[in-house]
Amino acid sequence: MNYSFLPNGDTGLTVSFKNEISREVNSHVTSFVSEVEKAKIRGVIELVPAFSSVTIIYDPCSISYMILKLKLKRILKNLSQGNTFVPVLYKIPVCYDGEFAPDMANVSKHTGLTKEEIVSIHTSCDYLIYMLGFLPGFAYLGGMDERLVTPRLESPRLEIKKGSVGIGGEQTGIYPVASPGGWQIIGKTPVDVYDRNKENPILYRAGDYIRFVPVSADRYYEIEEMIKNNSYSVESEEVVK
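In this note's numbering, each residue's number is its place in the sequence shown (first place is 1) plus 282.
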């Protein structure tokens, strides 16, 4: 396993793995993050995983750059013996009908696919969460079928509703909060993938998986009501590799 260290300002250190976007490289990232968290290194404040690297934010008054680098090298050495990260698959209900999918016609026209074909393809695979960013809980997903690739809107919307599921170029994802955006919206989930009032506000982690599950409008509103009453939990399961 190849990696390199790069100082990142006075309080950051970046560990960079092979410079490519792939499941293999990202598995090194997620496993490394998991092991660093377990190690509870004094002075480490935050871990920021990306597609093929991890930035460690630390307190230089508590640990020096060289000592931190040494401790991370030890973790990386043991990491090569196997991936200890156990990903979780989250099954996210999405309604692809009517008002929940204002750009479905655009995607259909661009791809030449019917709405039924778009929904079938979009829900047919498990998407790897490569990293989180842009917005709290916004997951950068890998694995979208190339048949669904559709350019972003020419004029971005001033606000896209929380829970909207969209396509932006070669990517698909969920808007965790209301936000400006230019993705083509093809559905909406009632699930709060980001809830700042919870101890763990983000539903998933980098390295986990998302599967979109189509539901009717009636089921959407039913789940929405269950969420309000704290009687709904997203179905999930560990991914056995």
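Cβ coordinates follow ideal geometry from the N, Cα and C atoms, glycine included.
The structure displayed is predicted, hence computed values, not measured ones.
Within its own chain, the residues whose Cβ lies closer than 6 Å to the Cβ of Ser446, once the five positions on either side in sequence are excluded, are Tyr457, Ile467, Lys470, listed in chain order. Only residues of its own chain outside the window of five on either side were considered, and among them Leu361, Asn365, Thr366, Phe367 have a CB closer than 7 Å to the CB of Ser313, listed in chain order.
For Phe494, the enclosing beta strand (DSSP E) covers residues 491 to 496. By the neighbour-count criterion, in which a residue is buried when 16 or more other Cβ atoms sit within 10 angstroms of its Cβ, Tyr503 is exposed. Using a Cβ-Cβ distance cut-off of 8 Å, the segment 416 to 433 and the segment 474 to 481 are in contact, since at least three pairs of beta carbons, one from each stretch, lie closer than that value. In terms of CA proximity to Ser346, Thr293 leads the group Ile492, Thr293, Leu395. Taking C-beta atoms as the reference points, Leu354 and Ile339 fail to come closer than 9 Å. Residue pairing by DSSP places Lys470 opposite Cys377, Ser446 in a beta bridge.
Per DSSP, Val336 lies in no alpha helix (DSSP H); the unbroken beta strand (DSSP E) holding it starts and ends at 335 to 340. Spatial neighbours of Leu435 in its own chain (CB-CB distance under 6 Å, excluding positions within 5 residues in sequence) are listed in chain order as Gly464. Exclusion of the five residues before and after Ile400 leaves Tyr378, Met386, Val389, Ser390, Thr393, Leu430, Ile468 as the residues of its chain whose Cβ lies within less than 8 Å of its Cβ.
Your pair Leu371 and Arg493 checks out as a contact, with CB atoms roughly 6 Å apart and the cut at 8 Å. Here DSSP, grouped into helix, strand and coil, assigns Ala421 to strand.
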